[in-house]
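Data first, discussion second: the structure below is written as structure tokens.
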Ligand SMILES: Cc1cc2nc3c(=O)[nH]c(=O)nc-3n(C[C@H](O)[C@H](O)[C@H](O)COP(=O)(O)OP(=O)(O)OC[C@H]3O[C@@H](n4cnc5c(N)ncnc54)[C@H](O)[C@@H]3O)c2cc1C
Ligand code: FES
């Protein structure tokens, strides 16, 4: 594979828009097993992962939080910052060391409002990511790998 | 290619998962021509019936099939012990077009048991592909085929595994196999993809590859339909204009994608 880790969200933006977005980012490194956020908490940041993997989990009282999905290199971590009331729908924990760009949600939203063209592009990209995850979640509702392919003939 | 079953003896029977077994066989007399990766045999459990099974390892004088017990014939095959015999016809069908993969980035995308037909292709590609990534999706960690071999491949190429239903001990990826596509860089227009798994997974993967710029003509899918003769005569395996035992099971997406969307063809 070509060596550069693809960044579908960034790669889909024009060079000036990419630069504007990255201009707001902090480079972050997280150790393994670190909680990045909890369900219901304030969704005031989001990340684009450069390497490593983050588990998204659900709070279930009295149980270790079950992992519903993982997000890896090249992927967007967090979209609850896009929609009021800006609360996380899931919790997140690093599985191993993670490096990421961290974006302050309020500044990105302010930039979207100040530059509607940028805002539209970014919102469309996030919507595409959300649509793909919705499709993936629907696929997993079907027990795809069962002998009968998930349903009666 | 043989049209009458030829006896083969079971050299070993290796449980792979709770419902899958790999049978390594050697000829008990006449030998069938060598199988190419992606081709299949009609495997006959004496007194029970005959089913199509893809080659899982092409050995030196041996051939291995990985069988999942789902019904009468496959369950009978999974119960065979070393020393017992079965009947084989084949090799049948078109295999993976590995020449198309020469010098290009290759993505191998497997869902569940789909890793078995892809396994001999990976064996060949490890020495040939410019860059190789193997992406595997499976139901649970216990359903993962060939974990030891995947660990060996990991030293030579990129291997990513994701599960639908993790156990508390699972430390790897969780989600559909297409989510792994974002993690590997490919020269999209020149990459070749080999895909095998449940049909819904293959359709979804083909669409995801297309969305990432891989041309349909460079995406090969291994398709399954009921088969009987294996020789293009009975019509059981028809998919539109194709007889999959003869024109498949490996068909490129430029030909097959549209056919897979048509209901009750
Ligand atoms: C080209 C080709 C390659 C194949 N390669 C392999 C392989 O490498 N390993 C392997 O284990 N199987 C493989 N199969 C599938 C295998 O042929 C079937 O599982 C087998 O025919 C089932 O027969 P049975 O008598 O055991 O079960 P049946 O009594 O015929 O069926 C039992 C149950 O399994 C389901 N079933 C039957 N066929 C399939 C199928 N093709 N896919 C999913 N569910 C099915 C039926 O709907 C039914 O619910 C392949 C099929 C094709 C066409
Ligand atoms: S199985 Fe008879 S035509 Fe294909």
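Protein chains in written order, with my numbering: chain A, 7 to 159; chain B, 816 to 1080. A virtual CB, placed ideally from N, CA and C, is assigned to each residue, including glycine. Keep in mind that this is a model prediction, so the values were computed, not measured.
Residue from the options with nearest C-alpha to residue i
i                       : options                        : result
residue 61 of chain A   : A:37, A:101, A:82 and A:48     : A:101
residue 854 of chain B  : B:846, B:865, B:878 and B:925  : B:878
residue 897 of chain B  : B:912, B:986, B:849 and B:823  : B:823
residue 18 of chain A   : A:51, A:119, A:50 and A:124    : A:124
residue 11 of chain A   : A:70, A:38, A:58 and A:52      : A:58
residue 1012 of chain B : B:1027, B:1072 and B:992       : B:992
residue 107 of chain A  : A:20, A:118, A:23 and A:27     : A:27
residue 849 of chain B  : B:869, B:862 and B:1039        : B:869
residue 32 of chain A   : A:56, A:152, A:49 and A:21     : A:56
residue 54 of chain A   : A:109, A:25, A:122 and A:118   : A:109
residue 893 of chain B  : B:883, B:901 and B:902         : B:883
residue 150 of chain A  : B:963, B:962, B:961 and B:954  : B:954
residue 83 of chain A   : A:71, A:97, A:91 and A:22      : A:97
residue 860 of chain B  : B:832, B:825, B:1030 and B:852 : B:825
residue 1068 of chain B : B:1046, B:971 and B:1029       : B:1029
residue 981 of chain B  : A:114, A:48 and A:72           : A:72
Residue i: first and last residue of the uninterrupted alpha helix (DSSP H) it sits in
i                       : result
residue 24 of chain A   : 21-28
residue 855 of chain B  : Where residue 855 of chain B is concerned, there is no enclosing alpha helix (DSSP H), although the beta strand (DSSP E) it sits in stretches over 855-860.
residue 1021 of chain B : 1014-1026
residue 147 of chain A  : 122-147
residue 917 of chain B  : Careful: residue 917 of chain B lies outside any alpha helix (DSSP H) and carries neither H nor E.
residue 935 of chain B  : 930-940
residue 951 of chain B  : First-last for residue 951 of chain B: 946-953, but that is the beta strand (DSSP E), not the alpha helix (DSSP H).
Euclidean distance between Cα positions of residue i and residue j
i                       : j                       : result
residue 8 of chain A    : residue 89 of chain A   : Since pLDDT at residue 8 of chain A reaches only 45, below the 50 mark, its modelled position is unreliable, and no value is offered.
residue 952 of chain B  : residue 968 of chain B  : 16 Å
residue 95 of chain A   : residue 958 of chain B  : 30 Å
residue 887 of chain B  : residue 956 of chain B  : 26 Å
residue 1053 of chain B : residue 1014 of chain B : 15 Å
residue 989 of chain B  : residue 843 of chain B  : 44 Å
residue 146 of chain A  : residue 979 of chain B  : 7 Å
residue 965 of chain B  : residue 926 of chain B  : 14 Å
residue 1018 of chain B : residue 148 of chain A  : 14 Å
residue 162 of chain A  : residue 143 of chain A  : Here chain A comprises residues numbered 7 to 159, so residue 162 of chain A is not present and cannot be evaluated.
residue 38 of chain A   : residue 923 of chain B  : 29 Å
residue 1080 of chain B : residue 864 of chain B  : Unreliable positioning characterises residue 1080 of chain B in this predicted model, as indicated by a pLDDT of 45, which lies under 50. The coordinate reading is nonetheless provided below. Distance between the alpha carbons of residue 1080 of chain B and residue 864 of chain B: 26 Å.
residue 122 of chain A  : residue 21 of chain A   : 16 Å
residue 112 of chain A  : residue 23 of chain A   : 17 Å
residue 99 of chain A   : residue 995 of chain B  : 19 Å
residue 134 of chain A  : residue 25 of chain A   : 21 Å
Buried or exposed (CB count within 10 angstroms, at least 16 for buried), residue i
i                       : result
residue 839 of chain B  : buried
residue 66 of chain A   : exposed
residue 830 of chain B  : exposed
residue 1032 of chain B : exposed
residue 79 of chain A   : buried
residue 40 of chain A   : exposed
residue 899 of chain B  : exposed
residue 64 of chain A   : exposed
residue 889 of chain B  : buried
residue 827 of chain B  : exposed
residue 1035 of chain B : buried
residue 977 of chain B  : buried
residue 76 of chain A   : buried
residue 13 of chain A   : buried
residue 1009 of chain B : buried
residue 91 of chain A   : exposed
Range of the contiguous beta strand (DSSP E) that encloses residue i
i                      : result
residue 870 of chain B : 864-873
residue 167 of chain A : A question about residue 167 of chain A goes unanswered here, because the residues of chain A that appear run from 7 up to 159.
residue 974 of chain B : 973-978
residue 835 of chain B : 835-842
residue 75 of chain A  : 73-78
- Does the pairing of the region 928-937 of chain B with the region 989-1003 of chain B give three or more beta-carbon distances under 8 Å? Short answer: they don't touch.
- Message: So, does the region 933-948 of chain B touch the region 1019-1033 of chain B, judging by three or more C-beta pairs under 8 Å?
- Response: With a cut-off of 8 Å, the region 1019-1033 of chain B and the region 933-948 of chain B do not count as touching, because too few Cβ pairs lie within range.
- So, do the region 138-145 of chain A and the region 42-49 of chain A have three or more beta carbon pairs nearer to each other than 8 Å? Touching, no.
- Message: Does the structure place the region 1057-1064 of chain B close enough to the region 897-909 of chain B that three or more beta carbon pairs sit under 8 Å?
- Response: Contact between the region 897-909 of chain B and the region 1057-1064 of chain B is present: three or more C-beta pairs spanning the two stretches fall below 8 Å.
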